[in-house]
Amino acid sequence: MLGAVNQTAFLPSVKILRLYRVEMKDSESLDRLLCGCPVLETLHLKNCRLSDMNEGDRVEVSLPLLKNLKISHYAIWDGAIWDGPMCPIVIEAPNLEDLYVDNFAELQLNGTNPLPCLHSAHVDVQVKSYSAVIQLLSQISNAKKLNLSRVTLSPLSAVDYVQLPVFPNLTHLTVEIGEFQGSIWHSLLKSASKLQSLVFDKEKTSGVERMRWEDLETASTPECLLSSVEEIKIKDLAIYPGVKKIIAYLLGAGAVLKKVNMHPNCTYLKLKGHKDFMPLLELPKRSSACEVELFFFDDEDFSRDSDAESNTSDDDREDVFL
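Residue numbers for the sequence shown, in the UniProt record's numbering: 1 to 322.
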């Protein structure tokens, strides 16, 4: 426990700061610590929390040179979720290149314009309203790689028509499988004309069977499926009503597809066996160059595969651990 930081700590040469299982008294303690790191480029917060939080408090990260920000397992301690108030995380980092926020606190990015240097963003946060989601997506719209959770996108389900910002540089998109309508990720595809890789990831609390595809039956085909998407991966796949329809839709629309990888749900596979999945290999394909593959993992292999994809490489400069 770091406790209260009553005055600004001055660390003028620190470029990388990682805080692991640090409990601070309040948000001002973290503010004072970060204010003393004027050249900080990488900040990782893992399993951290504030012990004395009140309604209206917020965590502020204001670092002009910050390039890499990762906040994971925020307000989780020894595997238990912190039951105190959750204050928003407010980020002001105009030179940010890589953003990874994996928690259920509210995220706010200062400013209204897209982050100009952003390369990748993994966003799993609570968003209160449709307009807040649109604003957040606009701010990260310059990213080349996006990973968006069901929780982040869930307010979009409350409206009949989804109008998303354009993602001019987006080439890799990962969306969590959840119970929102197919029109949401379909709208994401329509806004990303340069998309090359699409991944449907497994969702924390539900599976592919809860997704609804009815909205796709009359929708126009996104330009990226006709001209740029070459790879599609579907994780945690189980054969429930509607699943075969969406796979058939993607194979039928993907004019330049080269590879479709499907990873069956381990529990479903143990209960039902391989036979339910085999007809997927026979679905018609628009692209003659497309290879459709099924990968059968055990639970340990699938977990290892997911963990490997989420890890980021560490900078070899000197680290500071607290």
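Backbone N, C-alpha and C define an ideal beta-carbon position, used for all residues, glycine too. Computed from a predicted model, the values in this text were never measured in an experiment.
| Asked | Found |
| --- | --- |
| Straight-line Cα distance separating Cys224 from Val101 | 27 angstroms |
| The segment 138 to 149 / the segment 157 to 170 touching (three or more Cβ pairs under 8 angstroms) | yes |
| Gly254 vs Val229 beta-carbon contact at 8 angstroms | yes |
| Residue from Asn147, Leu65, Ile239 and Leu137 with nearest C-alpha to Asn265 | Ile239 |
| Reference Asp201, options Tyr130, Lys235 and Leu11, closest by Cα | Lys235 |
| Beta carbon of Ser193 nearer than 8 angstroms to that of Leu164 | no |
| Contact check, Val90 vs Val59, beta carbons under 8 angstroms | yes |
| Exposure of Asn110, with buried meaning 16 or more beta-carbon neighbours within 10 Å | exposed |
| Length at least 4, wholly inside the segment 222 to 273: the alpha helix (DSSP H) runs in chain order | 223 to 227, 243 to 253 and 266 to 272 |
| Rounded separation between Gln135 and Thr152 - CA only | 12 angstroms |
| Buried or exposed by the 16-neighbour rule on C-beta atoms within 10 Å, applied to Glu282 | exposed |
| Buried or exposed (CB count within 10 angstroms, at least 16 for buried), Ser183 | buried |
| Leu173 beta carbon less than 8 angstroms from that of Leu195 | yes |
| Where Asp160 falls, given that 16 or more other Cβ within 10 Å makes a residue buried | exposed |
| Beta-carbon separation (whole angstroms), Asp52 vs Asp26, contact threshold 8 angstroms | 5 angstroms |
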